[in-house]
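Visitor:
Here you go:
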């Protein structure tokens, strides 16, 4: 991840560590709310104007409501597991960027579909709103998608 | 928040992450004494299994030992959400586990879920005072 124009990283190193920790917890909360289908709490992880792209599935959305409505609409019967790993978080004042490695599984066998297991990277941007970090950009690109249950 | 308080919060979060890593490691390596040391004396656990509601370190370890002692297990925790409040803390971890018996052709299980936990500062260190495991999904197969 390239650093934005020799950016002034947070002058206070302790604040920077706290921000990194909070952003990591934000991603944990996103995955937990998604997999436990806590749609209202999931909405709180996004900024009002979030841009949410998953090119492999043709998903390109703008705005918190559009994103939550889509996820609520397409995943209600699917069993999903999302695990995010190895965060690279870079904080610059009230904005931040991050990349996560993601393993996920989406099981639609309950509705006549298949099981897909994916390996991807999620590139995100974050913004601090009223003291809390939120996801402002979400861009998921897959390395690989496997069909079928884990052998 | 003062500088000291902010640093302490970061150290506490790091310490709790290390505590949970130790829980997973001692569980999978069947180091029951080390695993017991992770819990408070009055710990309460609920693994969402029949008979898994246990209170007290000895009862907790007795249950875990009986359940997974003869099995090969792998447990991984991810994406901790840890909130510290003075000498107590709460946390949620995403979980992956794999459990298999010793015999070829025996059952193999892979599971996904969440640990919902509470922690207590005990002197200079943290321990798990409450643990509840919920499962999203369990895949069952046969050991090749």
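Residue numbers (our numbering), protein chains in the order written: chain D, 1 to 151; chain Y, 152 to 295.
Idealized CB from N, CA, C, for every residue including glycine.
The structure presented is a predicted model; accordingly, all values stated were derived computationally and were not measured.
#1: Please report whether the beta-carbon of residue 147 of chain D lies at a distance below 8 Å from any beta-carbon of chain Y.
#2: Helix, strand or coil: which one does DSSP assign to residue 275 of chain Y?
#3: So with Cβ pairs under 8 Å, would you call residue 230 of chain Y a contact of chain D?
#4: List the DSSP bridge partners of residue 150 of chain Y.
#5: Hey, would you say the C-beta of residue 96 of chain D is under 7 Å away from at least one heavy atom of the ligand ZN?
#6: If you measure between the beta carbons of residue 286 of chain Y and residue 199 of chain Y, is that distance less than 8 Å?
#7: Between residue 191 of chain Y and residue 238 of chain Y, what straight-line distance do the alpha-carbon atoms span, to the nearest angstrom?
#8: Using beta carbons (cut-off 8 Å, strictly below), is residue 152 of chain D in contact with chain Y?
#9: Roughly how many angstroms separate the alpha carbons of residue 90 of chain D and residue 276 of chain Y, rounded to a whole number?
#10: Can you tell me whether residue 1 of chain D is buried or exposed, with buried defined as 16 or more other CB within 10 angstroms of its CB?
#11: Taking a Cβ distance cut-off of 8 Å, strictly less, list which residues of the segment 11-35 of chain D are near chain Y, in chain order.
#12: Where does the unbroken alpha helix (DSSP H) through residue 192 of chain Y begin, and where does it stop?
#13: Can the beta-carbon of residue 106 of chain D be found closer than 8 Å to that of residue 47 of chain D?
#14: On the DSSP bridge assignment, give the partners of residue 258 of chain Y in chain order.
#15: Per DSSP, what kind of secondary structure is residue 62 of chain D in: helix, strand or coil?
Guide: So, from the data block:
#1: No, residue 147 of chain D does not count as interfacial toward chain Y.
#2: The answer is coil: DSSP assigns residue 275 of chain Y none of H, G, I, E or B.
#3: Closer than 8 Å: yes.
#4: This structure cannot speak to residue 150 of chain Y, because chain Y is shown only from 152 to 295.
#5: In terms of ligand content, the structure shown is empty, and the ligand ZN therefore cannot be addressed.
#6: A contact, by the Cβ cut-off of 8 Å.
#7: Going from the Cα of residue 191 of chain Y to the Cα of residue 238 of chain Y covers about 13 Å.
#8: In the structure as shown, chain D begins at 1 and stops at 151. Residue 152 of chain D is therefore absent and cannot be evaluated.
#9: Their Cα atoms are separated by approximately 30 Å.
#10: With a pLDDT of 45 at residue 1 of chain D, under the threshold of 50, the modelled position of this residue cannot be trusted; read the value that follows with caution. Classification of residue 1 of chain D: exposed, given that the 10 Å Cβ count is below 16.
#11: The residues in question are 14, 15, 17, 18, 21, 24, 25, 27, 28, 29, 31, 32 and 35.
#12: In the DSSP assignment, residue 192 of chain Y falls outside any alpha helix (DSSP H) and lies within the beta strand (DSSP E) extending over 190-197.
#13: Not a contact, by the Cβ cut-off of 8 Å.
#14: Residue 258 of chain Y is bridged to Y:293.
#15: Here residue 62 of chain D sits in strand by DSSP.
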